[in-house]
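There are 2 protein chains.
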Amino acid sequence: MTELSERKKLILAAVVEQYIKTGEPVGSKELLSLTGMSVSSATVRNEMSELSAMGYLEQPHTSAGRVPSQKGYRYYVDNLMKDREIDELNRRMIEAGISSAAGDPEKLIAQAGEVLAELTKCACVSTAPGGDAVIIRKIELVPVGLHSAMLVLLTSNGILKSRLCRLDCELTAKICEEFYNIVDSCIIGKPAADISVVSMQTAAASVDSDPFAMLPLMAAVCELARSMEDSRIMLGGSSNLFSHKDYGVGAIELFEFLNKREPLTAVMSGVKEPLDIIIGKENLYRQLENSSVIVAKYSVSGKDSGSIGLIGPTRMDYESIIPSVKYLTDIVGRMITQAIEE
Amino acid sequence: MTELSERKKLILAAVVEQYIKTGEPVGSKELLSLTGMSVSSATVRNEMSELSAMGYLEQPHTSAGRVPSQKGYRYYVDNLMKDREIDELNRRMIEAGISSAAGDPEKLIAQAGEVLAELTKCACVSTAPGGDAVIIRKIELVPVGLHSAMLVLLTSNGILKSRLCRLDCELTAKICEEFYNIVDSCIIGKPAADISVVSMQTAAASVDSDPFAMLPLMAAVCELARSMEDSRIMLGGSSNLFSHKDYGVGAIELFEFLNKREPLTAVMSGVKEPLDIIIGKENLYRQLENSSVIVAKYSVSGKDSGSIGLIGPTRMDYESIIPSVKYLTDIVGRMITQAIEE
DNA sequence: GTTAGCACTCGACAGTTTTGAGTGCTAAAA
DNA sequence: TTTTAGCACTCAAAACTGTCGAGTGCTAAC
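Listed in order, the protein sequences are those of chains B and P.
Numbering follows the working numbering, with no gaps: position 305 of the first sequence is 305.
Whatever position you read off the second sequence (first residue = 1), add 342 for the working numbering.
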């Protein structure tokens, strides 16, 4: 990719920024007044014409102004955009919004997502801390009536899940004891990902008393471990998408796409960089072709642990959104680290 | 309200049903072929004209057919609609959809809402079992690390909630013991609604050791009791609203209205009858003026316990939706009753 | 009370014109 | 070689026009 002349850069940046601001195609005269360049509109037109030929700009139709192409956004994001600090206002909003959930990592991430979505008017996808390295720290069995109990599971990243479990037979003290034996020997300290139905069945079979009493409990443990993974992904502020006229009725389709969680998981896990920006058709899913995705990872105790992503129209305000995302992942990572290292 | 002639009833019913089916205004000729009446279209026009004058029908514009007015729908629902049994297919769908969540009342209601929404293509609001009569059955304190613990709360209607709680000081055995003392004497058996911040503070103050150690725990209990109430209301299938062309872009506003839960709570709690149908502007909220709400209560152990409501366009298929709602509340009530009486 | 007939209304649709913003090109100026 | 002014051209959006047809309301006759 050949380097652009300074004047072309100036024009491209102005087109992108103005288009982001107004949503209207930008014409040559408007551009003159925006940049304050001391040349005529004809000169600008020539430059724009070349930028179009090079693929950075495009025209909705012959007699309209120019609009950034996907390539144009990409160049802008990679080379032209200023690397700002987060706005004071945004910073305050974020801090105020998440402080109330400081103690509970899962709630914290959920809340962080809501705040960020509200701030940016985008949809926010976030994943609770987790990943392969999550180990099970503690399991507790709380009896509830004669034939059922609640299982409580705590992991190394501070996530807490509970689930009701019904037994076929009475929940005796002996069963409880044996359950805790199995838990201590086969589950505590193991990665959540390793808890499989088979390993649990084997464990249940090794028990002194009736193994069938133990099965529902073991099954519940499995399901709980599984749900750790499944419920990691969270979606917030998806109705913000309706406020962007860029999408038009397409907002509905996008909304429904986001509410099917599976593809979201794929999108989030496809990200490798600490901060990744995926523009328009660079997305793997057709449903996102008019959207940009900004994903940043956060780390807990120095390890990548989850990420927070924003989904909005390609015409989003990258320059102000990116610092917010960076700041949020940073602070969230620190807060969770602190919460679990007590 | 004067009684309508048989022929007027026939015509009104036909207009309502046809309009529900097609969404198009119904004209005089069309009505003839629908009802099979042996009079001319002019006669039908005269009748329709009178029905319009009486307020049961209205015209979108001079040269269009007639559409039921709100009063027309009301008359139809109260007097003309047949009281059908639930469709075999719907019954099966409901049973299949909710069977997997039989053990956990809260999940069951959530799932029931999803199924009903899917079946009817409406949004479904439901409230988990609860109300004034809910008493706290059990509280468990599960230590998690040195300075925090998870509180688990179980109520008489089978709802289970947990919450992480951080302490300022170390969680000693003594604190645990004292906590359980307070719980046993002041909390268990009490209605959840009675748990107030003040009563908890008093309880914390009565303790032997440092009352400040107990405060966060008591605060968490309060919050948990409060959240029992707050989290009762659930919304499912709200994106179905987008599929109704009746709403047009208004669907977005309605969607956003529903996602603010507060007004929903008001709508649901305003209902007194076992089965209530609120049509169009009868709703208290402007945002629902083009919608109808059908709410049915379910009862657990013979007591009213919660309700399930549907929200859809005024032009909804009352005749098939109502039996589904009735059936669902009935079966859900029985399932929960069975689950908690074990 | 019912019917046939007819004038009338009005939205939907399709085609036409007008408007104005914005471009591309060319020839002259710098 | 770069820049500029001027002008013809393009095209979407908006305003306007005329036609069509479904459906009504009214009247006079049955």
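Glycine is no exception: its CB is placed at the ideal position from the N, C-alpha and C atoms.
Because the structure is a prediction, the values reported are computed rather than measured.
TODO: Mark Gly140 of chain B as exposed unless 16 or more other C-beta atoms lie within 10 angstroms of its C-beta, in which case mark it buried.
DONE: It should be noted that the sequence gives Glu, not Gly, for residue 140 of chain B. So Glu140 of chain B ends up on the buried side.
TODO: Would you mind telling me which residues of chain B sit closer than 7 Å to Glu400 of chain P, beta carbon to beta carbon, in chain order?
DONE: Going along chain B, no residue has its Cβ under 7 Å from Glu400 of chain P, so there is no contact; the nearest lies around 28 Å.
TODO: Note down the Cα distance separating Leu12 of chain B from Gly72 of chain B, rounded to an integer number of angstroms.
DONE: 7 Å
Task: Minimum Cβ-Cβ distance from Val492 of chain P to chain B less than 7 Å - done: For the sequence presented, residue 492 of chain P should be read as Met rather than Val. Yes, Met492 of chain P counts as interfacial toward chain B.
- [ ] Using a Cβ-Cβ cut-off of less than 8 Å, list which residues of the region 169-203 of chain B approach chain P; keep chain order.
- [x] Among the residues of the region 169-203 of chain B, none has a Cβ less than 8 Å away from any Cβ of chain P.
Open item on the list: Distance cutoff 7 Å, beta carbons only. Does Phe212 of chain B sit that close to anything in chain P?
Closed with: no
TODO: Could you have a look at Ser528 of chain P and say whether DSSP puts it in helix, strand or coil?
DONE: Rather than Ser, the amino acid found at residue 528 of chain P in this sequence is Cys. Reduced to three states, the DSSP call for Cys528 of chain P is helix.
Open item on the list: For Ala296 of chain B, tell me which candidate among B:Leu116, B:Leu153, B:Glu88 has the shortest Cα-Cα distance.
Closed with: Nearest option by C-alpha distance: B:Leu116.
Task: Residues that Thr469 of chain P bridges to, as DSSP identifies them - done: P:Ile575
- [ ] Within its chain, find whatever has a CB closer than 8 Å to the CB of Val67 of chain B; leave out the 5 residues flanking it on each side and keep chain order.
- [x] Val15, Tyr19, Pro25, Val26, Leu57, Glu58, Gln59, Pro60
Open item on the list: If the criterion is Cβ atoms closer than 7 Å, does the pair Glu631 of chain P and Gly622 of chain P meet it?
Closed with: Taking 7 Å as the Cβ cut-off, Glu631 of chain P and Gly622 of chain P qualify as a contacting pair.
- [ ] Would you please verify whether the beta carbon of Val144 of chain B is less than 7 Å from any beta carbon of chain P?
- [x] With its beta carbon less than 7 Å from one in chain P, Val144 of chain B belongs to the interface.
Task: Assigned secondary structure, Leu51 of chain B (DSSP; H/G/I helix, E/B strand, else coil) - done: helix
Open item on the list: For a test of the three-state rule: what should DSSP assign to Met426 of chain B, helix, strand or coil?
Closed with: No answer is possible for residue 426 of chain B: it lies beyond the span of chain B, which begins at 1 and ends at 342.
Task: Cβ neighbour criterion (16 or more within 10 Å) applied to Asp446 of chain P - done: buried
Task: The alpha helix (DSSP H) enclosing Lys424 of chain P, as first and last residue numbers - done: Where Lys424 of chain P is concerned, there is no enclosing alpha helix (DSSP H), given that its DSSP letter is neither H nor E.
Open item on the list: Using 7 Å as the threshold, is the C-beta distance between Gly578 of chain P and Gly455 of chain P below it?
Closed with: yes
- [ ] Closer than 8 Å by beta-carbon distance: list the chain B residues that pair up with Gly578 of chain P, in chain order.
- [x] Those do not exist, as Gly578 of chain P stays about 12 Å from chain B at its closest Cβ, beyond 8 Å.
TODO: For Thr497 of chain P, write down the residues that DSSP places opposite it in a beta bridge.
DONE: P:Ile478
Task: Partner residues on chain P for Arg166 of chain B, Cβ-Cβ distance less than 7 Å - done: Gly445
Open item on the list: Can you check which of these residues, B:Ser305, B:Lys326, B:Val300, B:Gly302, is closest to Asn90 of chain B by C-alpha distance?
Closed with: B:Lys326
Task: First and last residue of the uninterrupted alpha helix (DSSP H) at Gly72 of chain B - done: That run of the alpha helix (DSSP H) goes 70-75.
Open item on the list: So that I know if they touch, is there some Cβ in chain B lying closer than 7 Å to that of Ser504 of chain P?
Closed with: yes
- [ ] Answer yes if the region 182-201 of chain B comes into contact with the region 247-266 of chain B, meaning at least three C-beta pairs across the two stretches below 8 Å, and no otherwise.
- [x] no
- [ ] For the region 654-676 of chain P, enumerate the residues whose C-beta is nearer than 9 Å to any C-beta of chain B, in chain order.
- [x] none
Open item on the list: Suppose contacts are defined by Cβ-Cβ distances below 7 Å. Is Thr607 of chain P in contact with Ile636 of chain P by that definition?
Closed with: No. Outside cutoff.
TODO: Using alpha carbons as the reference points, say which of P:Glu571, P:Gln629, P:Met610, P:Met560 lies closest to Ile594 of chain P.
DONE: Taking only the C-alpha atoms, the option nearest Ile594 of chain P is P:Gln629.
Open item on the list: Helix, strand or coil for Asp646 of chain P? Go by DSSP, reduced to three states.
Closed with: Here Asp646 of chain P sits in strand by DSSP.
TODO: Report the residues of the region 567-598 of chain P with a CB closer than 7 Å to any CB of chain B, ordered along the chain.
DONE: Ser581, Phe584, Ile594, Phe597, Glu598
Task: Reduced DSSP secondary structure (H/G/I, E/B, other) of Ser380 of chain P - done: In this structure, Ser380 of chain P counts as coil in the three-state DSSP scheme.
Open item on the list: With a threshold of 7 Å between beta-carbons, can Leu557 of chain P be considered close to chain B, or not?
Closed with: no
Open item on the list: Within 8 Å, do at least three Cβ pairs link the region 464-483 of chain P to the region 318-334 of chain B?
Closed with: no
Task: Helix, strand or coil at Ile277 of chain B according to DSSP, with G and I counted as helix - done: strand
TODO: Please say whether Pro216 of chain B and Cys165 of chain B have beta carbons closer to each other than 7 Å?
DONE: Yes, they are a contact pair.
Task: Interface residues of chain B facing Lys602 of chain P [CB-CB closer than 8 Å] - done: What Lys602 of chain P touches in chain B: nothing, since even the nearest Cβ is about 10 Å away.
TODO: Below 7 Å between beta carbons is the criterion; list the residues of the region 442-466 of chain P that meet it against any residue of chain B, in chain order.
DONE: Those would be Gly445, Asp446, in chain order.
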